[in-house]
């Protein structure tokens with residue numbers, strides 16, 4: 342058994358660790374001006390700080406009974422790991438508005454996921470220094486605890502820690518449950534700032550035991566769609582065209598709509614004026630996974646998981662393979678992240694898929710364009726072809742060569758671990774503009790080659806982005822966090838041989854691409870068999886466009902945007918804003934008016950699952 346002095350030092354160490362974790366959690370909050378809400382935030386921070394350190398206290402205490410020094414070292418390493426995880430989670434929260442979750446785990450565990458983050462060497466260096474500093478700080482707390490023990494200060498005791506934890510936790514749980522019942526958003530929003538927060542609802546207890554009436558009874562069926570996939574709903578009937586059209590499909594990472602302008606992208610802008618240019622076009626997602634999924638399936642985000650589980654390929658690829666198209670796919674990222682080798686292109690042989698991971702993103706993009714052009718030149722001209730290229734250079738940290746600089750005052754380099762967005766966002770945005778300017782030159786290489794070789798007369802060209810990119814215009818940087826226009830509006834330029842140039846201002850969606858192209862490839866089915874969108878040549882006003890991400894589905898209307906988590910359809914869990922992303926003052930009345938339409942949309946989506 343350890344002597345009294347080590348026990349006292351250990352007690353001080355855990356007190357200091359609790360306070361350090363609480364201070365770290367406090368970084369997630371802006372302290373509320375309302376006294377009761379501020380009190381709730383303090384209680385929430387204190388109780389969850391205890392909850393986070395309780396497991397490492399138990400493990401270290403158990404080991405310390407047999408080897409005191411080993412237990413002490415373990416307590417420093419484990420607590421330092423908690424502090425490092427909280428730092429990373431806070432960075433995620435600042436940038437994207439979510440915590441460490443299944444999406445982040447997917448990035449870490451899927452081949453190509455970490456590379457897709459686009460971190461620089463400075464990021465890796467700063468993370469290593471930060472980790473060393475946090476572990477050193479935790480070791481310093483251990484030394485400080487020994488100093489406090491020698492001063493004979495009153496040491497905290499487990500006998501009063503456990504009751505304090507119970508009181509704090511019970512008070513926080515009840516406060517959340519009552520707030521959820523009455524829809525008190527400020528407290529609910531505060532709770533969601535804590536990593537791994539586990540909500541407790543009290544609806545049944547308050548209704549049945551206390552006879553209270555919930556003010557909001559508006560709910561919609563959960564947006565999560567589970568079950569056996571039924572897609573397409575009927576086998577595709579194909580009448581091959583006498584003169585099949587080639588397809589060149591060009592997608593850029595993080596390409597937002599307003600960057601397609603004559604200054605940043607002069608060559609692509611000129612090409613758009615000759616083609617079909619959809620100037621109010623929306624991706625089906627705020628990230629690559631769903632942005633690409635919506636293009637190649639015309640399905641919403643909540644059907645990604647059933648498609649992935651069933652290994653169902655894109656109907657576009659099915660149609661092309663049935664008609665013996667020559668296919669070659671290129672990416673400057675990986676086909677394994679997101680899992681496009683298990684979804685979009687699952688039926689494409691690996692020898693027809695080219696990945697380039699070496700060097701800077703702009704160098705990869707250039708090599709892939711060269712490879713695509715070589716494929717076109719070396720193909721069998723007696724057969725139609727389809728080629729696809731995914732550009733990576735406009736992805737953070739935004740790569741470009743010196744000759745593509747149009748904004749010289751850009752940030753030379755930035756680190757995810759140490760950047761200050763308020764200070765650096767202007768220079769970051771200029772990096773992005775330079776990268777997009779480079780993208781313009783590479784898109785032009787393709788379109789000019791097609792024109793030079795007379796292929797625009799019999800080739801469909803699709804030019805678009807997987808999703809947008811925000812630069813703090815609405816409070817976030819990057820993508821994958823919200824459904825503001827900066828993150829979901831993208832360019833769409835479509836070249837259809839023989840079709841007159843046109844600029845379309847009505848809102849369109851990535852889910853409209855397949856219903857536009859498949860009929861040109863001979864598909865006779867009504868688009869409802871394989872799509873939630875409609876033809877781009879028959880746009881419609883007053884419709885909901887669907888967008889989504891890992892765990893939410895967004896309904897984008899002409900007046901409002903409504904966001905529904907997959908896991909809940911309750912009033913309190915729904916997000917709402919105006920179509921221009923400004924706040925809605927009368928949230929309840931808007932939801933009352935729009936919920937019937939959302940319910941109808943959800944019912945329609947269930948047709949793709951077997952009952």
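In this note's numbering, the protein residues as written are 342 to 952.
For every residue, glycine included, the Cβ atom is placed at its ideal position computed from N, Cα and C.
On a predicted model such as this, the values are computed, not experimentally measured, just so you know.
Of the residues 846, 725, 710 and 629, the one whose Cα lies closest to the Cα of residue 586 is 725. Taking each of 505, 443, 869 and 686 in turn and checking the Cα distance to residue 576, the smallest one comes out for 869. The beta carbon of residue 615 sits closer than 6 Å to the beta carbons of 842 from its chain, once the five residues preceding and following it are set aside; these are given in chain order. Per DSSP, reduced to three states, the secondary structure at residue 669 is strand. Contact between the segment 806-814 and the segment 594-604 is established, with three or more Cβ pairs separated by less than 8 Å. For residue 589, the enclosing beta strand (DSSP E) starts and ends at 587-593. Secondary-structure assignment with DSSP links residue 864 through a beta bridge to 579. Ranking 786, 812, 908 and 348 by CA distance to the CA of residue 738 puts 812 first.
Between the C-alpha atoms of residue 628 and residue 770 there is a straight-line separation of about 18 Å. The three-state secondary structure of residue 790, taken from DSSP, is helix. The three-state secondary structure of residue 388, taken from DSSP, is helix. Take residue 746, set aside five residues on each side of it, and the residues of its chain with a beta-carbon closer than 6 Å to its own are 775, in chain order. Look at the segment 850-920 and you find these whole runs of beta strand (DSSP E), each 3 residues long or longer: 886-889, 893-897, 901-906 and 916-919. The beta carbon of residue 582 sits closer than 8 Å to the beta carbons of 861, 862 and 863 from its chain, once the five residues preceding and following it are set aside; these are given in chain order. Residue environment for residue 827: buried (at least 16 other C-beta atoms within 10 angstroms of its C-beta). Looking only at 438, 404, 511 and 501, the smallest Cα-Cα distance to residue 389 is reached by 511. The C-beta distance from residue 489 to residue 353 rounds to 4 Å, short enough to meet the 8 Å contact threshold.
According to the DSSP assignment, residue 703 belongs to the alpha helix (DSSP H) that extends over 702-719. In this structure, the straight-line span from the alpha carbon of residue 734 to that of residue 753 is close to 15 Å. The alpha carbon of residue 442 has as its nearest neighbour, out of 412, 694, 748 and 539, the alpha carbon of 539.
By alpha-carbon distance to residue 349, the top candidate from 916, 831 and 496 is 496. With a 10 Å radius around the Cβ and a threshold of 16 neighbouring Cβ atoms, residue 411 comes out exposed. In the DSSP assignment, residue 801 falls within the unbroken beta strand (DSSP E) covering 800-806. Note on geometry: alpha-carbon atoms of residue 675 and residue 568 lie some 29 Å from one another.
For residue 696, the enclosing beta strand (DSSP E) stretches over residues 694-696. A direct Cα-Cα distance of roughly 44 Å separates residue 927 from residue 677. In this structure, DSSP gives residue 938 a helical state, which the three-state scheme calls helix. DSSP places residue 608 in the helix class (H, G or I) of the three-state scheme. Contact annotation: residue 419 and residue 527 have beta-carbon atoms that are not nearer than 8 Å.
Ranked by Cα distance from residue 403, the first of 351, 391 and 852 is 351.
Inclusion of residue 517 and residue 541 in the CB contact set at 8 Å is warranted, their separation being smaller than that value.
Within the same chain, and ignoring the five residues on either side of residue 437 in sequence, the residues whose Cβ sits closer than 6 Å to its Cβ are 821 and 822.
Spatial neighbours of residue 946 in its own chain (CB-CB distance under 8 Å, excluding positions within 5 residues in sequence) are listed in chain order as 566, 641, 643, 644 and 873. Under the three-state reduction of DSSP, residue 931 is assigned to helix. Distance check between residue 879 and each of 891, 832 and 854 places 854 closest, using alpha-carbon atoms only.
Distances from the CA of residue 749 to each of 413, 573, 773 and 730 were compared; the closest alpha carbon is that of 773.
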